[in-house]
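Novice: Have a look at this one.
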Amino acid sequence: MKDCIFCKIIKKEVPAYIVYENEFVLAILAKDMEVYGHTLVIPKQHYKDIFDIETHVLKKIISVVKKLSIQYKKNISATGINIFNASGTDAQQSVFHFHIHILPRFSNDGLDTRPTNHTQQKYDKSLMLKKICGQNV
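In this note's numbering, the protein residues as written are 50 to 186.
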């Protein structure tokens, strides 16, 4: 995709700090880091979001996410990992090229991944389950 920043990074038109690369996947340090080691794992082929990406490519990406997570635990002493993807405008996706964030976690790193400005909602879970499973309601 012509104007996609990740496609430009993959083509080496824009510099990035490359953590890992293979035939299908590129992992780079995030431009704006939430925590030490914040990494983006990106398919080399352009897919807009989770709804667009092919399952076999997603499997390759998650395999790299696991490999890097283990590496971060060993090499930078991460004591936990958050794995995150935002797909769609309402999910606050900012770059429309599928990617997964790896957030290595450390004691007292100051990052709170729980929503702080959101009130828990009460839902009819039976009705919700029927809708999610595609049952007529």
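All residues carry an ideal CB built from backbone N, CA and C; glycine is no exception.
Because the structure is a prediction, the values reported are computed rather than measured.
For the 8 Å Cβ check, are there 3 or more pairs between the region 100–120 and the region 166–175?
Specialist: no
Novice: Counting only the same chain and skipping the five closest in sequence on each side, list residues whose C-beta sits under 8 Å from that of Ser143.
Specialist: As a first step, residue 143 is located in the sequence shown; it is residue number 94 there, counting from the start. Correct list, in chain order: Ala135.
Novice: Any idea if Leu152 is buried or exposed, counting beta-carbon neighbours within 10 angstroms, 16 or more meaning buried?
Specialist: Here the question's residue 152 lines up with position 103 in the sequence shown. Looking at its Cβ environment, which holds 16 or more other Cβ atoms inside 10 Å, Leu152 is buried.
Novice: Considering Cα atoms alone, identify which of Asn131, Asp158, His148, Asp139 is closest to Ile59.
Specialist: Here residue 59 is taken as the residue at index 10 of the sequence shown, counted from 1. Of the candidates Asn131, Asp158, His148, Asp139, the one whose C-alpha sits nearest the C-alpha of Ile59 is His148.
Novice: Below 8 Å on the Cβ atoms is my guess for Arg154 versus Ala127; work out the distance and round it to an integer in Å.
Specialist: Within the sequence shown, residue 154 is the residue found at index 105, counting from 1. Within the sequence shown, residue 127 is the residue found at index 78, counting from 1. About 6 Å; that satisfies the 8 Å criterion.
Novice: Closest Cβ-Cβ distance between Gln94 and chain D: below 8 Å?
Specialist: No chain D is present in this structure, which holds just one protein chain.
Novice: Looking only at C-alpha atoms, which of Lys108, Tyr66, Asn185 sits nearest to Leu89?
Specialist: Against the sequence shown, residue 89 aligns to sequence position 40. Measuring from the Cα of Leu89, the nearest candidate turns out to be Tyr66.
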